[in-house]
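S.K.:
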Amino acid sequence: MAAQGAIRQWSPVKVTQILFALTLVGLIGGLLMVFSASYPLALARTGNAFSIVSRQAIYAALGFVLFLVAWKIPLQWLRRASWVLHLLVIALLFATLLVGKKVGDAQRWLELGPFQVQPSEFAKVTLVLCIAALAASWRDAINLSRKFWLWLAIFLCWVLTTVLVLKQPHLSGGLLLAVIGVAAMFFARMPLSLILATVLLGFGLGYIGQKAFLHSYQLERWRIGSWLMLPKGKTDEEKSYQVRQALLGLQVGGWFGQGFFQSRQKHLFLPSAHNDFIFAVIGEEFGFVGSVAVLAFFTLLAYFGLWVTSQTTDAFASGLSGGITVWIWFQALLHIAVNTHLLPPTGVPLPFVSAGGSALCATLIGMGLLLNVASNLTQQRKRRGGTNDALGDGRWGDGRAHLPSPRPRRRRQNYVS
12 MAAQGAIRQW
22 SPVKVTQILF
32 ALTLVGLIGG
42 LLMVFSASYP
52 LALARTGNAF
62 SIVSRQAIYA
72 ALGFVLFLVA
82 WKIPLQWLRR
92 ASWVLHLLVI
102 ALLFATLLVG
112 KKVGDAQRWL
122 ELGPFQVQPS
132 EFAKVTLVLC
142 IAALAASWRD
152 AINLSRKFWL
162 WLAIFLCWVL
172 TTVLVLKQPH
182 LSGGLLLAVI
192 GVAAMFFARM
202 PLSLILATVL
212 LGFGLGYIGQ
222 KAFLHSYQLE
232 RWRIGSWLML
242 PKGKTDEEKS
252 YQVRQALLGL
262 QVGGWFGQGF
272 FQSRQKHLFL
282 PSAHNDFIFA
292 VIGEEFGFVG
302 SVAVLAFFTL
312 LAYFGLWVTS
322 QTTDAFASGL
332 SGGITVWIWF
342 QALLHIAVNT
352 HLLPPTGVPL
362 PFVSAGGSAL
372 CATLIGMGLL
382 LNVASNLTQQ
392 RKRRGGTNDA
402 LGDGRWGDGR
412 AHLPSPRPRR
422 RRQNYVS
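Note that this note's numbering has the sequence shown beginning at 12, numbered continuously upward.
#1: If we ignore side chains and look at the alpha-carbon of each, how far apart do A143 and S329 end up?
#2: Could you compute how far the alpha carbon of Q342 sits from the alpha carbon of V26?
#3: Rounding to the nearest angstrom, what Cα-Cα distance links K178 and L138 in this structure?
#4: Give every residue of the same chain whose Cβ lies closer than 7 Å to the Cβ of L188, excluding the five residues on either side of it in the sequence, and list them in chain order.
#5: Are the beta-carbon atoms of F280 and Q262 separated by less than 7 Å?
#6: Rounded to whole angstroms, what's the CA-CA distance from I219 to V210? Just pull it up for me.
#7: According to DSSP, is F46 helix, strand or coil?
#8: Going by beta carbon distance, what residues of the same chain come within less than 7 Å of A366, once the five residues before and after it are set aside?
#9: Below 7 Å between beta carbons: does that hold for S204 and L140?
#10: Excluding five sequence neighbours on each side, which residues of the same chain lie with their C-beta closer than 6 Å to the C-beta of G264?
#11: Could you name the residues of the same chain whose beta carbon sits closer than 6 Å to that of L33, not counting the 5 residues immediately before and after it, in chain order?
#12: Please tell me whether L38 and A72 are closer than 7 Å, where the distance is taken between their beta carbons.
#13: With a Cβ-Cβ cutoff of 7 Å, do A385 and P23 count as a contact?
#14: With DSSP as the reference, label R91 as helix, strand or coil.
#15: With 16 as the cutoff for other CB atoms within 10 Å, does A401 come out buried or exposed?
#16: Is the beta carbon of H352 closer than 7 Å to that of F290?
#17: Could you say which of Q390, G377, Q391 lies nearest to W82 if we only look at CA atoms?
#18: Taking one C-beta from the segment 111 to 126 and one from the segment 180 to 197 each time, how about it: are there three or more such pairs within less than 8 Å?
#19: Can you say whether Q20 is buried or exposed, counting buried as having 16 or more other CB atoms within 10 angstroms of its CB?
#20: Are the Cβ atoms of A146 and M196 separated by less than 7 Å?
#21: DSSP three-state label for Q127, please.
#22: How should F159 be labelled, buried or exposed, when 16 other C-beta atoms within 10 angstroms of its C-beta is the threshold for buried?
#23: Which of the three DSSP states, helix, strand or coil, is assigned to A328?
#24: If we ignore side chains and look at the alpha-carbon of each, how far apart do F327 and A194 end up?
#25: State the Cα-Cα distance for the pair L167 and L155, rounded to the nearest angstrom.
#26: Here's the rule I'm using: 16 or more other beta-carbon atoms within 10 Å means buried, otherwise exposed. How should I69 be labelled?
#27: Please determine, among A307, G379, T336, the residue with the shortest C-alpha to C-alpha distance to S321.
#28: At the level of alpha carbons, what is the spacing between S332 and I153?
#29: When the distance is taken between beta carbons, is V349 closer than 7 Å to P356?
#30: What does the alpha-carbon distance come out to for the pair L161 and V100?
#31: Roughly how many whole angstroms lie between the Cα atoms of V364 and A370?
#32: Can you name the residues that DSSP bridges to Q67?
#33: When you compare only the Cα positions, how much space is there between R56 and R275?
#34: So, F315 versus L30, is the Cβ gap smaller than 7 Å?
#35: If L77 and G379 are in contact, beta carbons under 8 Å, what's the gap, nearest whole angstrom?
#36: Rounded to the nearest angstrom, what separates E249 and L344 at their Cα positions?
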């Protein structure tokens with residue numbers, strides 16, 4: 012009863028305002044941390060301390076425009092256009108494998124003039140959209156044959172997207188997409204037995220084809236070995252350098268940190284300080300208290316995102332908001348786990364905070380879609396007593412197909428003159 016009371020005390024308007032405020036806090040705080048973590052590298056490369064953060068500010072402005080568009084676009088249109096948007100991203104993923112820019116062993120970027128686009132980041136958005144729409148249609152379907160073909164479309168959408176990202180290769184990105192797809196199925200209210208069968212089939216195929224999906228450097232002994240042996244000091248310094256420097260920064264930070272802009276590790280000691288290891292810089296500059304504040308930020312975001320998911324009566328809106336919430340929350344946990352040596356090093360950006368245009372724009376689009384669902388809850392409450400559908404047109408309601416209620420027939424009366 013106490014939990015139900017806690018849920019009821021929030022209104023859709025208040026939750027929408029809180030999510031918007033969290034978005035602004037994440038965006039502004041992220042830009043400040045990118046500047047703090049990147050200026051030594053920017054000075055070394057270009058002689059201009061603002062060269063990295065200024066580019067990130069451009070991405071932030073573009074991302075905020077996309078955020079507003081995603082917030083205001085009708086959910087009915089998104090449901091109909093989801094498969095087209097995802098096919099476009101699938102085409103970009105294929106193009107990345109064919110003509111993408113290769114950095115080291117990874118081929119994850121497409122060059123568009125002076126900018127680089129990472130399609131795998133936008134695949135997180137469109138995968139949630141596509142699976143949520145297909146799962147909602149699966150719930151609406153009555154014919155068993157149609158249900159089977161819709162399930163097959165969900166399975167192929169999920170597996171194909173994950174495989175294309177693994178082939179870049181991008182192991183952590185593939186893992187994220189796998190989790191996001193399952194979350195979208197779950198929150199779109201597909202039966203648990205069907206979700207479990209889908210996951211087992213997908214991972215079974217993945218296990219069989221792992222040699223085709225994973226490249227040699229991902230399976231090298233030192234990536235896992237150095238992670239396992241680091242606490243015992245059994246691995247050489249070179250192979251565990253990033254993690255050692257990140258842990259040193261967190262240790263130096265203590266309870267309250269060295270102060271904003273006062274990190275020493277970012278001065279070319281900690282590689283990728285402005286993206287893959289930016290949480291370590293936060294811990295060094297703001298200490299344990301600042302690290303907990305970051306965890307609290309993403310916990311609040313997850314709480315209110317799941318609140319929105321629990322309140323919507325539409326399967327598509329529920330799958331969309333739930334999938335986005337799990338994506339941002341799980342990605343943040345992965346980043347923090349790598350920085351604190353709980354997982355082996357992988358290239359996972361911290362949402363809102365890490366430098367990277369594609370990641371930031373994709374995150375802002377996701378937040379815009381989450382606020383879109385929350386805003387539709389407000390309209391739903393205003394129409395209480397009429398339609399109870401989060402999409403606002405009464406066609407889906409609780410995610411099932413409904414026939415209109417019959418009108419009562421008026422009895423004819425015979426009058427005797």
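Even for Gly, the Cβ is constructed at its ideal location relative to N, Cα and C.
M.R.: Looking at the atomic coordinates:
#1: 8 Å
#2: 22 Å
#3: 17 Å
#4: A134, K135, L138, T172, T173, V176
#5: no
#6: 14 Å
#7: helix
#8: V45, S49, I63, Q67, H285, N286
#9: no
#10: G294, E295, G298
#11: L312
#12: no
#13: yes
#14: helix
#15: Only weak support exists for where A401 lies, its pLDDT of 39 falling under 50; the value from the coordinates is given anyway. Under this definition A401 is a buried residue.
#16: no
#17: G377
#18: yes
#19: exposed
#20: yes
#21: strand
#22: exposed
#23: helix
#24: 12 Å
#25: 18 Å
#26: exposed
#27: T336
#28: 25 Å
#29: yes
#30: 20 Å
#31: 10 Å
#32: Q67 pairs with nothing; no bridge assigned.
#33: 18 Å
#34: yes
#35: 7 Å
#36: Below a pLDDT of 50, predicted positions are generally treated as unreliable, and E249, at 49, falls in that range; the measurement from the model is reported next regardless. Cα to Cα, E249 sits roughly 26 Å from L344.
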